[in-house]
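Chemist: Quick one: structure below, then a few questions.
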Amino acid sequence: MTEPTRTTCPFCLNGCTSGVEFNGVEHKMHYFTDAEVNLGRLCPRGNSANIVLDHRERLCRPLLDGRDTTWSEAEALIKLWLSEVKPEELGIVYSRGRAADEVRRLHGLAQELGTPNLACGHIEPENAFNHRLEGVSDAALADIESSKAMLLVGDVFSTSPVASWRMLDARYRDRKNRLVVVDSIRTRQAGFAHAFIQVKPGTEPFALMAMAALIDARAVPGVDVDRLAGLAGVTRQQLGAAAAMLGPSVPGFVGSAMHTGRVHHPALHSLASQLLAKAGAKPFVGFRETELPFGPMRFSDLRRAMAEGRIKVLFWTGGLFPFSYGELLPETAKVEHLIATSIFKPDPPVAGLVLPMTAELERASVGRSYWGSIERSPLAAPLSGTRPFDRVLELFGKAEEAADFTAKAASIADAVKMAARAADLTYAGGDWLLVGEKKAIGLRGFHDPEDEVSVNRADAARLGVSGRNYLQVRSPTAEREFRVRVIDGVPSGVLLVGTNVHSNRCLFPLAEDELTGDVTVPPVGVTVEKTERVPVAGGENLSVWA
Amino acid sequence: MKRIVLRPDYCIGCRSCEAACRSRFKGEARIRHGEVTADALLPQGCRHCDEPLCAAACPFQVIVKNPDTGVVRKSDFHCVGCRSCALACPFGVIQPGLVRHMSQKCTLCSDRPEGPRCVQTCPTGALQFIEEEQMTEKKAGVAFAVRSVHGRRL
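Dropping the structure here:
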């Protein structure tokens, strides 16, 4: 067994220290109990590091149209394809898995090649935390530890489970300490709250702005609290009681998380959370898995250019897989030559060139966590056959590191205007609303295939199903059969599914946030049907996954 | 004798314990989760009973309780996969393995000097590995929560 290697976990931005040891055959997790941020504790994602390193589906040879090829052939093809097109016909997309320094290098490459088509393809709503409200400070670890009033928007505990222990400690330290949760689903996190505001799916920003106005009317001028409360499906009294816990005189923080298929207007969600933080004089933290700056071009514009055939060569460099959404496949099919990087073998195979990349866990990088800057060292030696990002970029040309991107600053007036435009929230599609659930355990389906759909008791009775039956869920883009899970925290008319596995993500069509033009993944209207599949043995609601 | 104890008021239902266990035992977790209340998804593991019914039900006596450590262990080498233990377990925490045709059972990671892996990885410290005597010393609220949720120790 080798000495354990030590690094900062790359699977979210909490900055947990994790490590592995190698016994000559496989990697095993090692827990560093002296780590300041996590005391050696890890969430299911963090516990999957050794699975990623040893995964049998890791890509270690370049693939051309699904068949093995060599690096030299790949290099020749890239040079040939680039020579055939004009600079404006080249598109570059980066997504999860790229570190900040790598994105700066990509920016430099785009400048060198003369293409303006560089876009961030990380289309998770959490990327909207790049929209920053002026005058709101970032929360530090000390702010969490000394909190007496906390507001959590969305399921923060599922996004960053290890960050939750400090919040729970703060919540239990003093009987007077208060925890407020705003979410459309009654999650486990909501069970810890002193005040839980259950809003209609996608209407969190309205409740947050109303609460901000109740805390300080001058902070959000011209806002009709009763109307906003009505839009969110809650009462003024509920919001008033929660707002009273979050006054400016009480130290605390505001934390917000956004999940795929749960948020309708990500930028508004981000700004409304920060607006409340500002009204309550509290620091803010946006809980998310990665921090990627917006590119010079919007992804929605690049997507449109792809669909119209204006992009001939597309270089897509992402995290675990080139595409998280099946909908992107037809658009990329219109591109003449696709060059993608991946650490896993694409499933299904994609047409084009796929280059095996060194995994995040196998390279050094620098970045930021919620609580400050971090440095990551390699957890294991790079897999034979893969190449680090720098060497992949060399295949395209010289890539000097460009200046950093800046976050998009917004004012309170911008947020209020956005809210006014977002008031008419409707969902097209079927009779049922499909909403996404973030679970740390679902990473790539390593531990949980996410084959369950949650409904409340009344809806289960209406559908004539119990915890032993299966439902076929059909969205405009895909369909999948799920086993039923009956829980009370889901609102009426809503179905809840995990959004880690690709087959579930495909159920949510990509949409454009009409407020910003960013690509987003809102809840979607679906139809459901009880299937004839033989009910599973066991009692009602036997929610056991192992 | 040390035991794994759950503090339900700290468990966020993230199933990190299950992921860690699965990672240690090559994809076969020995801890499972159940919905105890409407919004609580809590881990359920072997209680290492004083009088283990799984051991009594095993036709080949491959499940044995160590009188010194109190750990109820199963020998995978001699297990024939008859599932008697899974049927006999009053808590339903022994799972018949579908791949290796052997039931999976918690061993409290007794071969691991640092203690059970699930406890070490628990993000909120909800799982604790403490002496049995300490369980009664814990504050009344926690002890009551453990009893009320699980019926007895986890």
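From first to last, the protein sequence lines stand for chains Z and C.
Under our numbering, think of the first position of the first sequence as 10, with each following residue one higher.
Under our numbering, think of the first position of the second sequence as 18, with each following residue one higher.
Cβ atoms here follow ideal geometry from the backbone N, Cα and C, with glycine treated the same way.
1. Closer than 8 angstroms by beta-carbon distance: list the chain C residues that pair up with Z:F293, in chain order.
2. Hey, could you find the ends of the beta strand (DSSP E) Z:R489 is sitting in?
3. In this structure, how does DSSP classify Z:L308 when only helix, strand and coil are distinguished?
4. Leaving out five residues before and five after C:F161 in sequence, what residues of the same chain have Cβ atoms less than 6 angstroms from its Cβ?
5. Name the residue from Z:F166, Z:T14, Z:E300 and Z:G123 whose alpha carbon lies nearest to the alpha carbon of Z:D413.
6. Please decide whether Z:F38 counts as near chain C, where near means a Cβ-Cβ distance under 9 angstroms.
7. Taking 9 angstroms as the cut-off, decide whether the C-beta atoms of Z:F303 and Z:N136 are in contact.
8. At 8 angstroms on the CB atoms, spell out the chain Z contacts of C:R100, in chain order.
9. Got a sec? Which residues, its chain only, sit under 6 angstroms from Z:L237 by beta carbon, not counting five neighbours each side?
10. Identify whether C:A162 lies in helix, strand or coil by the three-state DSSP scheme.
11. Can you round the beta-carbon distance between Z:N59 and Z:G100 to whole angstroms, since I take them to be within the 8 angstroms contact cut?
12. Exposed or buried, which one is Z:S484 when buried takes at least 16 other CB atoms within 10 Å?
13. Strictly under 9 angstroms for the Cβ-Cβ distance: is C:R39 near chain Z by that measure?
14. Rounded to a whole number of angstroms, what is the C-alpha to C-alpha distance between Z:L364 and Z:I348?
15. In this structure, does DSSP put Z:S81 in helix, strand or coil?
16. Using a Cβ-Cβ distance cut-off of 9 angstroms, determine whether Z:R105 contacts chain C.
17. Would the beta-carbon of Z:V528 be found less than 8 angstroms away from any heavy atom of the ligand PLP?
18. In whole angstroms, what is the alpha-carbon distance linking C:A111 and Z:Y479?
19. For Z:A316 and Z:E98, I'd like the C-alpha separation in whole angstroms.
20. For C:C31, which of helix, strand or coil comes out of DSSP?
21. According to DSSP, is Z:F41 part of a helix, a strand, or is it coil?
22. Considering only C-alpha positions, which residue in the set Z:F166, Z:V165, Z:H203 and Z:L177 is nearest to Z:S155?
23. Which bits of chain Z does C:T141 rub up against, with CB to CB less than 7 angstroms?
24. When the Cα atoms are used, what is the spatial distance from C:I21 to C:S40?
25. Shorter than 9 angstroms from the beta carbon of C:L171 to some beta carbon of chain Z?
26. Give, in chain order, every residue of the region 464 to 478 of chain Z whose Cβ lies closer than 7 angstroms to some Cβ of chain C.
27. Taking only beta-carbon atoms, is C:Q145 less than 9 angstroms away from chain Z?
28. Between Z:L362 and Z:L86, which are expected to be in contact by the criterion C-beta below 8 angstroms, what is the C-beta distance as a whole number of angstroms?
29. Whose Cβ in chain C lies nearer than 8 angstroms to the Cβ of Z:P170?
30. Kindly confirm or deny that the region 188 to 204 of chain Z and the region 146 to 164 of chain Z touch, where touching means at least three C-beta pairs closer than 8 angstroms.
31. I'd like to confirm the pairing. Which residues does DSSP put opposite Z:A419 in its beta bridges?
32. Does Z:I450 have its Cβ less than 9 angstroms from a Cβ in chain C?
33. With respect to the alpha helix (DSSP H) encompassing Z:I224, which residues constitute its N-terminal and C-terminal limits?
34. Can you tell me which of Z:D497, Z:V537 and Z:D527 puts its alpha carbon nearest to the alpha carbon of Z:H140?
35. Jot down the residue ranges of each uninterrupted alpha helix (DSSP H) in the region 190 to 274 of chain Z, minimum 4 residues, whole runs only, in chain order.
36. Can you find at least 3 beta carbon pairs, one from the region 287 to 301 of chain Z and one from the region 260 to 275 of chain Z, that sit closer than 8 angstroms?
Modeler: Considering the structure as presented:
1. Ordered by position in chain C, no residue passes the 8 angstroms Cβ test against Z:F293, which lies about 22 angstroms from the chain.
2. E488 to V495
3. Note that residue 308 of chain Z is Phe in the sequence shown, not Leu. In this structure, Z:F308 counts as helix in the three-state DSSP scheme.
4. Residue placement at C:F161 is flagged as unreliable, the pLDDT there being 39, under the threshold of 50; a coordinate-derived value is accordingly withheld.
5. Considering only alpha carbons, the answer is Z:E300.
6. Going by the sequence as given, residue 38 of chain Z is Met instead of Phe. For Z:M38, the nearest CB of chain C lies under 9 angstroms from its own CB, placing it at the interface with that chain.
7. Contact flag set, yes.
8. In chain order: nothing, as chain Z lies at least about 13 angstroms away.
9. F215, M218 and A219
10. For C:A162, the pLDDT reaches just 42, beneath the cut-off of 50, and the residue's location in the model is therefore unreliable, leaving the point undetermined.
11. Going by Cβ atoms, the distance from Z:N59 to Z:G100 rounds to 35 angstroms, so no, they are not a contact pair.
12. So Z:S484 ends up on the buried side.
13. yes
14. Looking at the two C-alpha atoms, the distance is approximately 7 angstroms.
15. helix
16. no
17. Annotation note on the ligand PLP: not contained in the displayed structure, which lists no ligands.
18. With the sequence shown as reference, residue 111 of chain C is identified as Ile, and Ala is not the correct amino acid for it. One C-alpha to the other measures close to 25 angstroms.
19. Approximately 13 angstroms between the Cα atoms of the pair.
20. Taken through DSSP and simplified to helix, strand or coil, C:C31 comes out as coil.
21. DSSP, read as helix, strand or coil, puts Z:F41 in coil.
22. Z:L177
23. S173, W174 and L177
24. Rounded to the nearest angstrom, the gap between the Cα atoms of C:I21 and C:S40 is 19 angstroms.
25. Its pLDDT being 37, under 50, C:L171 is placed unreliably in this model, and the value from its coordinates should be taken loosely. No, C:L171 does not count as interfacial toward chain Z.
26. Correct list: empty, as no residue qualifies.
27. no
28. Correct: roughly 6 angstroms between the Cβ atoms.
29. I29, C31, S33, P140 and T141
30. The region 188 to 204 of chain Z and the region 146 to 164 of chain Z touch, with no fewer than 3 CB-CB distances between them shorter than 8 angstroms.
31. Answer by DSSP bridge pairing, in chain order: Z:L142.
32. yes
33. E213 to I224
34. Closest option to Z:H140, Cα to Cα, is Z:D527.
35. Runs of the alpha helix (DSSP H) inside the region 190 to 274 of chain Z: 197 to 200, 213 to 224, 234 to 241 and 245 to 254.
36. yes
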